[in-house]
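Listed below in structure tokens is the structure:
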């Protein structure tokens, strides 16, 4: 059964259509909390009314920091209903990082969950003044709706929503209007905001039928362990489920035992995760885990974010009886660009073929010329074209022009393809590190390390790690006379950077290998 076509280009129609047709179905589940589609839609309407009452206009940017909780979906769709743009932020970001994102996106309002790091700094450092003067409205999302704000002088989301009507007519948007800005880092400079249109996000979510056999008449139950602020969880889990009347079972933080328990308890049929999550599930299969019952319900297992080890692929299929479908995408591609076709035997190690409506090709290095042929020797940089390609990087026309030409987006990833058109990632042309499914960009870390009073120069690389795929290692040259230890630098970095970014390993060196032009040769470090 095909999902009903959206009546408007506004991405919020994914929620509204399901609320109209499946009002009493569970939309989101968290522990004992179960919210129906009608309830999520009503709460989102209250958020939209709140924003409009505070002067938020269509096209304004509204930031959101929230873990995998029902509040995320409520606020996300409420922002969209108001015609504004959602700016989801990683909940692990530190104060200086949040300040940058609010300023760079020109956010007018900010919803921040009470458990977000550096929450007290939110009102002192950048809400309404300071580094982000345009961000005039700050709402603290509290776990207990009756609780007062943990910060004196601020209001909670629940307080602000008090008295707001539960009805709202969503703002009509054009398909090319920006729905979401997802922040992603390049190999140089600060993170950039990828502007994703309503049609980019909507069409990617509606791939659920062709990629996974989604059926609104027989809806899936999705386990949401991927963070919703990330494009993978946001599109494949949240928006994909809402497009087809599915149920999203939320787990705020991935823990293998808890995930297995929810898969059994909620009869989960759809699991998507990064390779380390599959590795964790297999490692948690102790005696007494009812694998047979979990496997009997599980219909789809999808993986992305980084390469899935062959042994994990084989072991999971052996234990759960489900073949993991691998795919590929980026924040700039909404995110899905290719996937192992549903109903066809997957090819282990392959990211599949371009999804419907999307083209891919391989480019010669530092050129827009296409590579001809297939096979292991025809390696090139992946370029992507289709309904999923971002509008561009927010307020960065030069970076946009560098990344997109004639509708084709350069991924920065090197791959090959076989004679049947299946793609295989070979390497990354950029220095990006993927740690546990999160993109980590060395230069950002290097720049922070070099603010340490004892550090003269730093180079950061990724090194192999059994469970995280890659770990972050920093090589540092100290200032003359400095006595700081590697352990102290690690501890300092932990206070400056999000948990997934700071280097776990620091090595003090006397020099770094460099080219004649002064570029550090990171391959030699590796």
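In UniProt numbering, the protein residues as written are 1 to 526.
All C-beta atoms in this analysis are idealised placements derived from N, C-alpha and C, irrespective of residue type, glycine included.
| said: I'd like the span of the beta strand (DSSP E) that includes residue 62, first residue to last. | reply: In the chain shown, residue 62 corresponds to position 62, counting from 1. Following the DSSP letters along the chain, one finds residue 62 inside the beta strand (DSSP E) bounded by residues 61 to 65.
| message | Give me the DSSP bridge partner(s) of residue 464. | response | Counted from its first residue, the chain shown places residue 464 at position 464. 470, per the DSSP bridge assignment.
| field | Local conformation of residue 333 per DSSP, three classes | value | Within the chain shown, numbered from 1, the residue matching residue 333 stands at position 333. Reduced to three states, the DSSP call for residue 333 is helix.
| query | For the alpha helix (DSSP H) that contains residue 97, what are its first and last residues? | reply | Taking the first residue of the chain shown as position 1, residue 97 is located at position 97. Residue 97 -> alpha helix (DSSP H) spans 95 to 105.
| What residues in its chain sit with their C-beta under 6 Å from that of residue 357, if we drop five residues either side in the sequence? | In the chain shown, residue 357 corresponds to position 357, counting from 1. Excluding residues within five positions, the ones whose Cβ falls inside 6 Å are 386 and 387.
| Residue from 443, 456 and 102 with nearest C-alpha to residue 462 | One-based indexing of the chain shown puts residue 462 at position 462. Nearest of 443, 456 and 102 to residue 462, Cα basis: 443.
| task | Quickly, what does DSSP pair residue 26 with across the bridge? List them, please. | result | Residue 26 sits at position 26 when you count from the first residue of the chain shown. DSSP output for residue 26 lists 36 as bridge partner(s).
| field | Nearest-angstrom beta carbon gap, residue 114 and residue 140 [assumed within contact, 8 Å] | value | Residue numbering aside, residue 140 sits at position 140 when the chain shown is read from its first letter. Residue numbering aside, residue 114 sits at position 114 when the chain shown is read from its first letter. Residue 114 and residue 140 do touch by the CB rule: their CB atoms are close to 6 Å apart, below 8 Å.
| said: Runs of 3 residues minimum, wholly inside the stretch 387 to 467: which ones carry the beta strand (DSSP E) assignment? | reply: Assignment of beta strand (DSSP E) within the stretch 387 to 467, counting only whole runs of 3 or more residues, yields 408 to 417, 423 to 428, 433 to 435, 438 to 440 and 455 to 465 in chain order.
| task | May I have the straight-line CA-CA distance separating residue 324 from residue 301, to the nearest angstrom? | result | Indexing the chain shown from 1 puts residue 324 at position 324. Indexing the chain shown from 1 puts residue 301 at position 301. Between residue 324 and residue 301, the alpha-carbon positions lie close to 5 Å from each other.
| said: Here's the rule I'm using: 16 or more other beta-carbon atoms within 10 Å means buried, otherwise exposed. How should residue 15 be labelled? | reply: By one-based count along the chain shown, residue 15 stands at place 15. In summary, residue 15 is buried, with 16 or more beta-carbon neighbours lying within 10 Å of its beta-carbon over all protein chains present.
| request: Report yes if the C-beta distance between residue 145 and residue 109 is below 8 Å; otherwise report no. | output: For the purposes of this step, residue 145 is taken as residue 145 along the chain shown, with counting starting at 1. For the purposes of this step, residue 109 is taken as residue 109 along the chain shown, with counting starting at 1. Contact: no.
| message | Mapping the DSSP letters down to three states, classify residue 584 as helix, strand or coil. | response | With the chain covering only 1 through 526, there is no way to say anything about residue 584.
| task | Measure the beta-carbon distance from residue 394 to residue 195 and round it to whole angstroms, keeping in mind my assumption that it falls under 8 Å. | result | Your numbering for residue 394 matches position 394 in the chain shown. Your numbering for residue 195 matches position 195 in the chain shown. The pair is a contact, with the Cβ atoms about 5 Å apart (cut-off 8 Å).
| What is the DSSP secondary structure of residue 325, reduced to helix, strand or coil? | The sequence position of residue 325 within the chain shown is 325, counting from 1. Note: residue 325 maps to strand in three-state DSSP.
| task | Tell me whether residue 275 sits in a helix, a strand or coil according to DSSP, three-state version. | result | As a position in the chain shown, residue 275 is number 275, starting the count at 1. It is helical.
| request: With a cut-off of 8 Å on the beta carbons, I'd call residue 27 and residue 37 a contact; round off their distance for me. | output: One-based indexing of the chain shown puts residue 27 at position 27. One-based indexing of the chain shown puts residue 37 at position 37. Residue 37 and residue 27 do touch by the CB rule: their CB atoms are close to 4 Å apart, below 8 Å.
| request: Taking residue 303 and residue 278 to be in contact with their CB atoms under 8 Å, please state how far apart those CB atoms are, rounded to whole angstroms. | output: As a first step, residue 303 is located in the chain shown; it is residue number 303 there, counting from the start. As a first step, residue 278 is located in the chain shown; it is residue number 278 there, counting from the start. Indeed, because the Cβ distance is near 6 Å, the residues count as touching under 8 Å.
| request: Could you tell me the distance, in whole angstroms, from the CA atom of residue 21 to the CA atom of residue 12? | output: The count along the chain shown starts at 1 and reaches residue 21 at position 21. The count along the chain shown starts at 1 and reaches residue 12 at position 12. Whole-angstrom Cα-Cα distance: 15 Å.
| Own chain residues within Cβ distance below 6 Å of residue 60, not counting five before or after | In the chain shown, counting from the first residue as 1, residue 60 sits at position 60. The beta carbon of residue 60 sits closer than 6 Å to those of 84 and 108, all from its chain and outside the five residues before and after it, given in chain order.
| query | Where does the unbroken beta strand (DSSP E) through residue 202 begin, and where does it stop? | reply | By one-based count along the chain shown, residue 202 stands at place 202. No beta strand (DSSP E) contains residue 202, which is instead part of the alpha helix (DSSP H) from 198 to 205.
| So what's residue 527 in DSSP terms, helix, strand or just coil? | This structure cannot speak to residue 527, because the chain is shown only from 1 to 526.
| Which one of 46, 378 and 371 has the shortest CA to CA distance from residue 159? | Taking the chain shown and counting its residues from 1, one reaches residue 159 at position 159. The residue with the shortest Cα to Cα distance from residue 159 is 46.
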